[in-house]
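Single-structure report; data block below.
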Amino acid sequence: MGFIYLVAFGGVEERVLLADAVNVKEIFELEVRVAHAGEPPPEAYDPKRGQYRASVLLEALSRVSFPDMVRLVGLVDVDLYEEGLNFVFGEAQYGGKYAVVSTYRLKDADERRYFERVFKETNHELGHTFGLKHCPDPYCVMSFSNSLAEVDRKSRDFCPNCRRKLDYVLSYYR
Ligand SMILES: [Zn+2]
Ligand SMILES: [Zn+2]
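Going by the working numbering, the first residue of the sequence shown is number 12, and it counts up by one from there.
See the structure below:
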């Protein structure tokens, strides 16, 4: 029995952190622990771009580990990019233990919509850590999205096909 850790950095709101914890518990059926950290690791900051590089952030995150940790998702409110991409909503170690999600581009005046977007990106990146790839079903949370319209279109849950694969991997941790 292990936990999925959600760690909020910097100015990520307590409300979204707690709501996301409920979301993860519902979708992955694993217990969740939340934690707060300080500012995101400064070595990930690129002053030329004014953004943080997701892969460097992931590397810094992976220095943190807990014995009962199944996965760790860092929630940040800074803008993320990756080599060759203007921005990313998040990034994960495929089949690894660490993922990061940025709330920066997900904000909306409608709090429910904002929260839903954070849930979707969290579940998507966690899906990658559990070995899931991008899914052609546009409503599946594993469908690829690089616009808010695509994020809003998909659901926060997995299609039956991805769910089957996920449950197979998750059975190991339950
Ligand atoms: Zn993805
Ligand atoms: Zn799917």
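Don't be surprised by glycine CBs; every beta carbon is placed ideally from N, CA and C.
query, result
"Backbone secondary structure at residue 112 - three-state DSSP", "strand"
"Cβ-based neighbour list, residue 225, same chain, cut-off 8 Å, excluding 5 preceding and 5 following", "Nothing about residue 225 can be read from this structure; the chain reaches only from 12 to 185."
"Same chain, Cβ closer than 7 Å to residue 107, five either side skipped, listed in chain order", "140"
"Ordered list of alpha helix (DSSP H) runs contained in the segment 81-162, each at least 4 residues", "122-140"
"Counted within 10 angstroms of its Cβ, other Cβ atoms place residue 34 as buried (16 or more) or exposed", "buried"
"Environment of residue 153 [buried if 16+ CB atoms lie within 10 Å]", "buried"
"Inter-residue spacing [alpha-carbon to alpha-carbon] between residue 158 and residue 183", "34 Å"
"For residue 30, the three-state DSSP class (helix, strand or coil)", "helix"
"For residue 35, three-class secondary structure by DSSP", "helix"
"Element boundaries [beta strand (DSSP E), containing residue 42]", "42-47"
"Segment contact flag, the segment 78-98 with the segment 113-122, C-beta cutoff 8 Å, min 3 pairs", "yes"
"Any non-hydrogen atom of ligand 2 closer than 6 Å to residue 178 Cβ", "no"
"Three-state class that DSSP yields for residue 179 in the structure shown", "helix"
"Buried/exposed call for residue 134, threshold 16 Cβ in 10 Å", "buried"
"The segment 16-26 / the segment 41-51 touching (three or more Cβ pairs under 8 Å)", "yes"
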